[in-house]
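Step one of this worksheet: look at the structure below.
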């Protein structure tokens, strides 16, 4: 069952978001979207929330605006780090106004948290299997860290983990579609590890049309031109490009299944729970968080290869989409996510005694 919010003392919480996108993002942006869902649910539950984010963010919390707009779409911004250091200055200046500061910006704030002995926790949203992270986290075992899946934290078992909180989205954000769907869907970004090439092959072998809604970062443009664009010339594949939040319900809800044929240690994969909120099952490869999110025959299938993925497409055509939606409501709502975080907030505030920053 979904976890109902406990009756607890309201907290004064600061949420510190990345500045690459607005909160919520206008188009693609997983971390900023999750921060938005968490912020709004914490406000709904009665907490006093301040959001540090870009000026074009939209929130019912108090907004402490830093950069004027999401930096990814700001053609005038050449040094995103400068805006993030500016934000950390503002956070430090206001730190004593909050019971707890919740960071979502990787690790740039670690020295400040330690030197000022701030009540803080950090949710890590990215991959942690990079070798350069080992010496960094070895030097900061005192940082209170939250993983977004148990798989994400495996490369750093000695880090200061205090919990795992799976993402959750607002219960009514994406409406249920009874189906059965008309095409296969791929939603995300074009990059080697996301393996849209696999999705194209699976769809063509299954004889089902594939619609691809994906952003192309400048760093992946050469990969797209050389490896993916030639695959789009054949029949049955439609490349839509990047879509916004308002387009997702129909795009995902009208699909037979979402293809998630990744080839990297995915920390979570928000698109999987977005699909299941619509009642659309997910066909995914067993990387990273996938086995934690997908329950076979309930909200999708975990497949070992493209042959098995094609077989799963046939099962998706007669899938119980209502059961998929119920599973989303039981495990992956913003209400449950916020309740999990509030429990960790109280754990941190009970264990730390802050000292006023110099």
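In my numbering, the protein residues as written are 2 to 359.
Idealized CB from N, CA, C, for every residue including glycine.
Nearest-angstrom Cα separation, counted from residue j out to residue i
i	j	result
residue 131	residue 293	22 Å
residue 355	residue 93	Because the pLDDT at residue 355 is just 46, under 50, the model does not fix this residue reliably, and the value given afterwards should be weighed accordingly. Near 12 Å, if we compare the C-alpha coordinates of residue 93 and residue 355.
residue 166	residue 148	6 Å
residue 129	residue 289	11 Å
residue 276	residue 178	10 Å
residue 323	residue 280	6 Å
residue 239	residue 249	16 Å
residue 191	residue 197	7 Å
residue 146	residue 35	17 Å
residue 225	residue 189	14 Å
residue 1	residue 204	Nothing about residue 1 can be reported from this structure: the residues present for the chain run from 2 to 359 only.
residue 144	residue 111	7 Å
residue 344	residue 184	41 Å
residue 87	residue 20	11 Å
residue 157	residue 125	12 Å
residue 107	residue 252	31 Å
residue 7	residue 79	Confidence at residue 7 is low in this model, with a pLDDT of 49, below 50, so the placement of that residue is unreliable and no value is reported for it.
residue 317	residue 301	8 Å
Among the options, the one whose alpha carbon lies nearest that of residue i
i	options	result
residue 65	56, 111, 72, 71	56
residue 25	53, 58, 226	58
residue 155	143, 174, 135	135
residue 89	109, 75, 256, 81	109
residue 46	221, 306, 349, 10	10
residue 68	81, 62, 325, 153	81
residue 314	139, 285, 222	285
residue 347	278, 205, 160, 102	102
residue 338	78, 172, 200, 180	172
residue 117	107, 53, 127, 95	95
residue 299	311, 330, 269	330
residue 261	251, 252, 272	272
residue 349	316, 220, 164	164
residue 104	217, 194, 15, 327	15
residue 32	169, 341, 263	169
residue 70	85, 320, 174	85
residue 12	52, 100, 40	100
Per DSSP, the bridge partner or partners of residue i
i	result
residue 195	Paired residue(s): none; residue 195 is not in a bridge.
residue 122	103
residue 49	13
residue 216	190
residue 108	None, per the DSSP bridge assignment.
With 16 other Cβ atoms within 10 Å as the buried cut-off, status of residue i
i	result
residue 214	buried
residue 133	exposed
residue 42	buried
residue 2	Per-residue confidence for residue 2 stands at a pLDDT of 47, beneath the threshold of 50, marking its modelled position as unreliable; the derived number appears in the next sentence. Burial call: exposed.
residue 114	buried
residue 308	exposed
residue 359	Caution applies to residue 359, whose pLDDT of 36 falls short of 50 and renders its modelled position unreliable; the value that the coordinates give is listed next. The residue in question, residue 359, is exposed, as its Cβ has fewer than 16 Cβ neighbours within 10 Å.
residue 227	exposed
residue 152	buried
residue 123	buried
residue 1	With the chain covering 2 to 359 only, the question about residue 1 has no answer from this structure.
residue 245	exposed
residue 77	exposed
residue 73	buried
Test: residue i CB closer than 8 Å to a CB of chain D
i	result
residue 89	No chain D appears in this structure, which consists of one protein chain only.
Check: residue i C-beta below 7 Å from any heavy atom of the ligand ADP
i	result
residue 191	What this structure holds is no ligand at all, so the ligand ADP is not there to describe.
Practice item. Evaluate contact between the region 252-272 and the region 194-210, counting only Cβ atoms and requiring at least three cross-stretch pairs below 8 Å. Key: With the cut-off at 8 Å, the region 252-272 and the region 194-210 touch.
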